[in-house]
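Under the working numbering, the letters of the sequence shown match residues 2 to 656, in that order. Backbone N, C-alpha and C fix where the C-beta goes; we use that ideal spot for every residue, glycine too. From a predicted model like this one, the values you see are computed outputs, not experimental measurements. Here the structure comes first, spelled out in structure tokens, and everything after it is commentary.
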Amino acid sequence: MPEESKTTRTFKELKWSDLQDWAGGKATAKGIKYQEEERVKEIKCTYSGSLVARVEGTIEYFTEVFLKNGKLSSVCTCPVGHDCKHGVAAVLEYLDRVEQGEDVPVVPEEDILIKRSRRGFVGTEISEAYEAEDSSKVLREYLEKLEKRELIEILTTFAKKDNMLGRYLRDRQNLAIKNPEGIIGSIYSELDELWRELKSSHPDFWSYEGEEIPDFSEVQVRLESLLDSGHPDEILDIGKELMDRYKEIEEYDEEGDVGTQISGCMDVVFRALSQSSLSAHEKMLYALELELKDDYSILNEPSIWRETHTQEEWKLFAEALKVRLQKIKKETETETETETETETDILYESSWERDYVVDRLIDALRKAGLSEEIIPISELEAERTGNYTRLVRELLDFGQKKRAEEWIYRGIKKLREYKPGTAYELLQILIEVKENEENWLFVAALETEEFFRFPQLSSYIRMQKAARKIGKWKEIREAALQYLRSGKLPANQPKTTEEFSILPGILPKTGLLDTESLEKIKPPVLDLLIQIAIQEDNADEVIHWYGELKSGKGEAEKTRRFTLEEEIANAVKDKYPEVAIGIWKNIAEDLVSKTKVSSYEEASLYLRKIKETLESIGKTEEWEAYLRQIREANRLKKKLLEILDRLEKTRIIGK
Numbered sequence: 002m003p004e005e006s007k008t009t010r011t012f013k014e015l016k017w018s019d020l021q022d023w024a025g026g027k028a029t030a031k032g033i034k035y036q037e038e039e040r041v042k043e044i045k046c047t048y049s050g051s052l053v054a055r056v057e058g059t060i061e062y063f064t065e066v067f068l069k070n071g072k073l074s075s076v077c078t079c080p081v082g083h084d085c086k087h088g089v090a091a092v093l094e095y096l097d098r099v100e101q102g103e104d105v106p107v108v109p110e111e112d113i114l115i116k117r118s119r120r121g122f123v124g125t126e127i128s129e130a131y132e133a134e135d136s137s138k139v140l141r142e143y144l145e146k147l148e149k150r151e152l153i154e155i156l157t158t159f160a161k162k163d164n165m166l167g168r169y170l171r172d173r174q175n176l177a178i179k180n181p182e183g184i185i186g187s188i189y190s191e192l193d194e195l196w197r198e199l200k201s202s203h204p205d206f207w208s209y210e211g212e213e214i215p216d217f218s219e220v221q222v223r224l225e226s227l228l229d230s231g232h233p234d235e236i237l238d239i240g241k242e243l244m245d246r247y248k249e250i251e252e253y254d255e256e257g258d259v260g261t262q263i264s265g266c267m268d269v270v271f272r273a274l275s276q277s278s279l280s281a282h283e284k285m286l287y288a289l290e291l292e293l294k295d296d297y298s299i300l301n302e303p304s305i306w307r308e309t310h311t312q313e314e315w316k317l318f319a320e321a322l323k324v325r326l327q328k329i330k331k332e333t334e335t336e337t338e339t340e341t342e343t344e345t346d347i348l349y350e351s352s353w354e355r356d357y358v359v360d361r362l363i364d365a366l367r368k369a370g371l372s373e374e375i376i377p378i379s380e381l382e383a384e385r386t387g388n389y390t391r392l393v394r395e396l397l398d399f400g401q402k403k404r405a406e407e408w409i410y411r412g413i414k415k416l417r418e419y420k421p422g423t424a425y426e427l428l429q430i431l432i433e434v435k436e437n438e439e440n441w442l443f444v445a446a447l448e449t450e451e452f453f454r455f456p457q458l459s460s461y462i463r464m465q466k467a468a469r470k471i472g473k474w475k476e477i478r479e480a481a482l483q484y485l486r487s488g489k490l491p492a493n494q495p496k497t498t499e500e501f502s503i504l505p506g507i508l509p510k511t512g513l514l515d516t517e518s519l520e521k522i523k524p525p526v527l528d529l530l531i532q533i534a535i536q537e538d539n540a541d542e543v544i545h546w547y548g549e550l551k552s553g554k555g556e557a558e559k560t561r562r563f564t565l566e567e568e569i570a571n572a573v574k575d576k577y578p579e580v581a582i583g584i585w586k587n588i589a590e591d592l593v594s595k596t597k598v599s600s601y602e603e604a605s606l607y608l609r610k611i612k613e614t615l616e617s618i619g620k621t622e623e624w625e626a627y628l629r630q631i632r633e634a635n636r637l638k639k640k641l642l643e644i645l646d647r648l649e650k651t652r653i654i655g656k
């Protein structure tokens with residue numbers, strides 16, 4: 002077959018470990034199952050050497066798999082989006098066909114399978130829009146040349162072959178002679194049936210496999226028929242119903258299969274919104290209401306936000322939001338002998354909902370030409386809800402850097418204890434401001450304080466980067482490690498509220514440090530010392546601190562050791578292979594004991610590492626003996642034995 006050998010040469014060298022390293026044990030197992038069930042309906046090669054395939058899941062998904070420098074990667078139209086079971090199935094199907102001597106066609110970039118596989122990724126949306134427009138134009142020109150009789154024949158013939166087209170045409174026929182109530186009632190009945198299927202047939206919704214998820218395509222087609230027949234207003238209530246129903250099961254929709262289908266229906270609803278009889282600001286309020294129901298971000302952004310509206314409409318929208326935001330219920334709470342007044346938001350259950358509404362309000366004020374109201378509202382919301390980040394960003398955008406820094410300090414000191422996440426965001430903005438000023442000494446002080454406040458690997462790395470800018474990493478590193486080993490701070494800090502430096506004589510005072518804000522550690526902090534040694538590629542230090550960690554007898558030490566052991570093994574496998582192998586054996590044997598196929602697949606990752614490491618140091622016989630031991634101990638576990646068979650076979654095909 003033309004050019005096929007180029008793709009064959011690269012893919013035929015693949016090992017089972019390559020699939021697992023790429024997609025993980027769980028996705029690899031599902032991909033194997035999909036290929037065995039013949040779910041790969043179409044597969045082709047590209048001239049650049051990638052694979053493109055059509056794979057049957059909940060619906061048909063299109064995937065493209067790349068192999069460059071021995072590393073696999075893929076994109077897919079499924080909810081996962083990349084490196085998924087559909088890509089694994091495509092690779093296995095391709096290799097199976099190669100092994101059977103079957104031709105896999107090589108196709109140019111214009112091939113429809115390539116285009117569909119790349120749909121939804123960078124640079125494709127615009128080309129697809131043009132493509133659809135050109136295709137529609139050509140089709141229209143063809144249809145315009147046909148006689149009425151020929152058109153009828155084409156439509157009736159194809160409607161028999163395509164259930165959705167048949168449904169669409171029947172709905173259009175009914176809507177042409179009747180009012181829409183019948184179609185609307187049918188849509189609600191279809192939703193009732195789908196929800197019964199979701200909830201009663203499978204009480205444990207979260208146990209669903211993707212291919213079992215009910216199909217919402219008929220609902221979407223019927224919405225399309227309503228819209229195309231000139232009934233956009235009637236669709237809006239259905240949109241609210243869809244989102245209300247999805248909220249009942251959204252937390253169980255782990256892979257997003259139902260959410261993806263609901264999103265497709267809601268795209269029709271948002272198109273109907275744009276065509277509805279509502280005024281522009283009413284359309285905005287409707288879109289906002291639905292977005293606030295979208296806790297799991299399944300919706301695409303409604304086009305209403307990208308459309309051009311008059312300043313007056315933006316003003317009306319802003320005024321409506323102001324009224325909503327003022328609906329605060331004041332409650333008086335009595336604690337011992339004092340009374341405190343608290344404010345409760347009546348409309349918005351969560352802080353993110355209120356924050357999102359305020360973000361929309363600020364955007365509306367800007368577009369309404371009322372920018373002077375933005376800072377006062379942001380200040381009020383900062384005091385009311387603790388969203389200092391928005392206020393600081395707005396002040397910086399308006400060029401008020403001094404006021405922004407004042408609010409940063411105010412916010413950090415107020416929120417550090419009960420909203421540490423927001424306090425951290427403010428600190429990062431302050432660091433960004435100081436970096437723009439090239440005040441590297443101050444940046445180093447801020448990053449060092451943050452490490453001593455919350456000792457963790459990420460803050461250690463940021464501290465290192467800042468310290469190297471001022472040439473003081475040696476001193477700061479030693480102080481940090483001393484703190485982790487012994488709990489001793491760089492200097493005896495005064496137990497007062499006065500400002501002090503985290504590292505006197507080296508770093509300046511920042512005005513943000515106090516003794517109460519520093520992390521109370523229990524030295525030595527073994528897990529972090531190990532992580533730092535791994536980061537600094539110091540296998541000897543890793544082994545030293547790992548030995549200390551293993552000597553701990555408490556449950557906390559066991560938990561910390563378990564979470565770190567995989568990293569430790571990977572870090573020391575070259576210099577201390579016996580330590581790494583011991584860790585991998587413990588993990589693999591624990592997984593095998595769980596008697597679950599997914600655990601067997603995960604265990605195979607560690608067994609393969611044992612195999613490769615022992616073979617690399619000339620201990621193949623030791624590996625073979627260990628594998629026999631695993632087989633004998635688990636001889637009744639058929640699925641495990643199948644996985645072990647793959648483990649013995651290095652390449653997927655060939656030797």
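If one requires a minimum length of 4 residues, no alpha helix (DSSP H) run lies completely within the segment 35-81. Apart from sequence neighbours up to five positions away, the residues of its chain that approach V270 with a beta-carbon distance below 6 Å are I236 and G240, ordered along the chain. With a cut-off of 8 Å on Cβ pairs, the segment 407-414 is not in contact with the segment 363-373, counting fewer than three such pairs. Closest in alpha carbon position to L68, among H83, C85 and G50, is G50.
In this structure, the straight-line span from the alpha carbon of L293 to that of T390 is close to 21 Å. Within the segment 385-444, no complete beta strand (DSSP E) segment of 3 residues or longer occurs. The Cβ atoms of Q457 and L529 sit closer than 8 Å to each other. Closest in alpha carbon position to G553, among L527, I618, P578 and D104, is L527. Taken in chain order, the whole alpha helix (DSSP H) runs of length 4 or more contained in the segment 202-267 are 218-229 and 233-250.
Of E242, L140, Y143 and K586, the smallest CA-CA separation from Y189 is found for E242. Around the beta carbon of Q262, 16 or more other beta carbons lie within 10 angstroms, which makes this residue buried. Residue burial is scored here from C-beta neighbours: G422 has fewer than 16 other C-beta atoms within 10 angstroms and is therefore classed as exposed. The C-beta distance from L366 to S379 rounds to 10 Å, too long to meet the 8 Å contact threshold. Within the same chain, and ignoring the five residues on either side of I44 in sequence, the residues whose Cβ sits closer than 8 Å to its Cβ are L52, V53, A54, R55, A91, E94, Y95, R98 and V105.
Remark: C-beta atoms of L322 and L362 approach each other more closely than 8 Å. By the neighbour-count definition (other C-beta atoms within 10 Å, threshold 16), R652 is an exposed residue. Residue range K86 to E100 is occupied by the alpha helix (DSSP H) that includes G88. Per DSSP, the unbroken alpha helix (DSSP H) holding A634 starts and ends at T621 to A634. Put simply, of L317, E313, A273 and K316 the residue whose alpha carbon is nearest the alpha carbon of I305 is A273. Counting along the chain, K586 sits inside the alpha helix (DSSP H) bounded by residues P578 to V593.
For H83, no alpha helix (DSSP H) run applies, since DSSP gives it neither H nor E. Per the coordinates, the alpha-carbon of Q21 lies some 43 Å from the alpha-carbon of G472. Contact check for P377 against G257 fails: the beta carbons are separated by 8 Å or more. Remark: fewer than three beta-carbon pairs, one from each stretch, lie closer than 8 Å, so the segment 105-116 and the segment 23-32 are not flagged as touching.
Taking C-alpha positions only, F563 is separated from K638 by approximately 26 Å. DSSP, read as helix, strand or coil, puts V107 in strand. Leaving aside the five residues that flank S18 on each side, the residues in its chain whose CB is nearer than 7 Å to its CB run, in chain order, R609.
Listed as beta-bridge partners of R367 by DSSP are no residues whatsoever.
Under the three-state reduction of DSSP, R119 is assigned to coil, being neither helix nor strand. If you look at F318, you'll find it in the alpha helix (DSSP H) that goes Q312 to L326.
DSSP places K650 in the coil class of the three-state scheme, outside both helix and strand. Taking P524 as the centre and dropping the five residues before and after it, the same chain places the C-beta of L485, R486, S487 and G488 closer than 7 Å to its C-beta, in chain order.
In the three-state reduction of the DSSP assignment, K473 falls in the coil class. Comparing alpha-carbon positions, the option among L397, D356 and I654 lying closest to A383 turns out to be D356. Proximity to V598 across E623, A581 and N635 peaks at N635, based on C-alpha coordinates. Between L397 and V434, the alpha-carbon positions lie close to 9 Å from each other.
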